[in-house]
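A.B. asks: The sequence shown begins at 664 in the working numbering and counts up by one.
Every residue, glycine too, gets a C-beta built ideally from N, C-alpha and C.
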Amino acid sequence: MGRYSSHGGFKGLTVDPPPITLVELLDLTITDCTSDDFDHKMLLFLFFCLSTAAAVALLVRFVTAEGDFTLMSKRHVKRQEIEDKVVWITGASRGIGEILAKQLAALGAKLILSARNEAELQRVKNQLRGKYAPDQVKILRMDLASGEEVLSEAVEKAVSFFPDCGVDIMIHNAAFERLKTAALDVPEEDLKATFNINVLGTISLTRLLAPFMLKRGSGHFVVMSSAAGKTPAPGQAVYSASKFALNGYFHSLRSELCQKGIKVTVVCPGPIDTSTGATDSGAKGSLEKRLPTERCVELTIIAASHGLKEAWISYQPVLAVMYLVQYMPTIGFWLMDKVGKNRVEAAAKKRSAYSLSLLFGNKKAS
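Set out below in structure tokens:
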């Protein structure tokens, strides 16, 4: 065994230094950590916390949304884009068209109301209140399936109702839709009626009115399309096809005429409650949450007044499906393939056609 020396310690023996305690180690770590290192770590921590909070807030906002992010960011109607403008509404005798008339009248628009039922149009007119309503509201009975000659006469009347004003905003709201049924079971009569009104009549009316707008150097077409015009819609194949056709035509029209003062806003609502009852409607054995008509119309007018090119309006899960099909089509189409057969069967049994339970088949959906 070595001998201790005051100069060299124990000779012939290696002695390990005494162990460092945890407290001493922490003191050394803190002492060795420079101020810059500490600031850098704190910034990273703060960034992580803020990013997590933002992601959670975004998720909550998406889950509770009534429309796409761009639309929901607009919040309020630009009244100056509506007040004193001549607005022509088709399908104005009931549902979304009737509520459009009421809200636009309250915003100070000059209205032209069209539909096939003149008595119902008169009923709607009598209920309107606003700067020009009801006294200066014009009624123009019209059937979109009546052919171009009749529609041409309707356009001539519409542009003459308010001298030196023409038509500022054309809202294409009229539509034909039958009960949900399998694609191969749609009769030829319904096929022709759907396309005559939803597509051919609407396009013809646009072709006849657009030259008057171009002559004035301004005009705005607002098209009430559908979520069925953005995603597959099992049980609504023909209706969906008509709305896809509208979307294609009007987006192309906007691209051709936007530099000549013509604006186009395509609105794609999901399931909307057009009844007078509660917003959770339909569906034997389940609740089908539908957006109230009044809110759908409010968001439509917000989209139009801000000049949005397209707007999606719906509760979940329809809104999520629209995002998936738009931005992740492989997943979106896979999802719709999963629910397709179940959705047609659910519609036939008058159950919810928008429930997440459709993913799990008939046992879960019933």
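Kindly give me the distance between the Cβ atoms of G810 and V749, rounded to whole angstroms, as I take these residues to be in contact under 8 Å.
C.D. replies: Incorrect: roughly 25 Å between the Cβ atoms, too far for contact.
A.B. asks: For the beta strand (DSSP E) containing E973, list its first residue and its last residue.
C.D. replies: E973 to I976
A.B. asks: Could you have a look at D831 and say whether DSSP puts it in helix, strand or coil?
C.D. replies: coil
A.B. asks: Go ahead and label F1023 buried or exposed: buried means 16 or more other beta carbons lie within 10 angstroms of its beta carbon, across all protein chains shown.
C.D. replies: Counting the other CB atoms within 10 Å of its CB gives F1023 a total below 16, which places it among the exposed residues.
A.B. asks: Whose CA, out of V862, T857, K843 and F875, lies closest to the CA of V1007?
C.D. replies: K843
A.B. asks: Please report the straight-line C-alpha distance between R724 and M991, rounded to a whole angstrom.
C.D. replies: 20 Å
A.B. asks: Using CA atoms only, rank isn't needed, just tell me which of V901, A772, L707 and I752 is closest to Y795.
C.D. replies: The candidate whose alpha carbon is nearest that of Y795 is A772.
A.B. asks: Classify N780: buried if its beta carbon has 16 or more other beta carbons within 10 angstroms, exposed otherwise.
C.D. replies: exposed
A.B. asks: Do S888 and V929 count as a contact pair if the criterion is CB distance below 8 Å?
C.D. replies: Contact annotation: V929 and S888 have beta-carbon atoms nearer than 8 Å.
A.B. asks: Enumerate in chain order the residues of its own chain whose CB-to-CB distance from R786 is below 6 Å, with the five nearest sequence positions on each side excluded.
C.D. replies: none
A.B. asks: Going along the chain, which residues of its own chain have a beta-carbon closer than 7 Å to the beta-carbon of G754, five neighbours each way excluded?
C.D. replies: G760, A778, N836, A837 and A838
A.B. asks: So, helix, strand or coil for G882, using DSSP?
C.D. replies: strand
A.B. asks: Indicate whether L770 and V740 have their beta-carbon atoms separated by less than 8 Å.
C.D. replies: yes
A.B. asks: Below 7 Å CB to CB, which residues in the same chain sit around A728 once its five sequence neighbours on both sides are set aside?
C.D. replies: M735 and L982
A.B. asks: Grab the span of the beta strand (DSSP E) containing T894 for me, first residue to last.
C.D. replies: It is not in any beta strand (DSSP E) - T894 carries neither H nor E in the DSSP assignment.
A.B. asks: Would you kindly work out how many angstroms separate the C-alpha atoms of K1012 and N1005, rounded to a whole number?
C.D. replies: Rounded to the nearest angstrom, the two C-alpha atoms are 11 Å apart.
A.B. asks: Would you grab the beta carbon distance between V885 and I965 for me? Rounded to a whole angstrom, and I think it's under 8 Å.
C.D. replies: Not quite, the Cβ-Cβ distance comes to about 12 Å (not below 8 Å), so this is no contact.
A.B. asks: Which residue comes first and which comes last in the alpha helix (DSSP H) that contains T956?
C.D. replies: T956 to S968
A.B. asks: Give every residue of the same chain whose Cβ lies closer than 7 Å to the Cβ of T857, excluding the five residues on either side of it in the sequence, and list them in chain order.
C.D. replies: F839, V901, Y902 and S905
A.B. asks: Give the range of the alpha helix (DSSP H) segment to which P992 is assigned.
C.D. replies: P992 to A1011
A.B. asks: Taking only three categories from DSSP, how would you classify K773?
C.D. replies: strand
A.B. asks: In angstroms with no decimal places, state the Cα-to-Cα distance between H969 and I745.
C.D. replies: 10 Å
A.B. asks: Return the CA-CA distance between A1049 and D1000, expressed in angstroms with no decimal places.
C.D. replies: Residue 1049 is absent from the structure shown; the chain starts at 664 and stops at 1029.
A.B. asks: When DSSP labels each residue in this structure, what does T844 get in the three-state scheme?
C.D. replies: Of the three classes helix, strand and coil, the one that applies to T844 here is coil, per DSSP.
A.B. asks: Using the Cβ count rule (16 or more neighbours within 10 Å means buried), how would you classify R1014?
C.D. replies: buried
A.B. asks: Determine the extent of the beta strand (DSSP E) in which T753 is found, giving its start and end residues.
C.D. replies: First-last of the beta strand (DSSP E) with T753: V749 to T753.
A.B. asks: Apply the 10 Å Cβ neighbour rule to S756 and answer buried if 16 or more other Cβ atoms are within range, or exposed otherwise.
C.D. replies: buried
A.B. asks: Can you check whether the CB of A808 is closer than 8 Å to the CB of N859?
C.D. replies: yes
A.B. asks: Does the distance from the CB of G730 to the CB of A974 come in under 8 Å?
C.D. replies: yes
A.B. asks: Throw me the rounded Cβ distance for the I752 and A764 pair, which I believe falls under 8 Å.
C.D. replies: 6 Å
A.B. asks: I'd like to check one pair, I976 with T956: are the Cβ atoms closer than 8 Å?
C.D. replies: no
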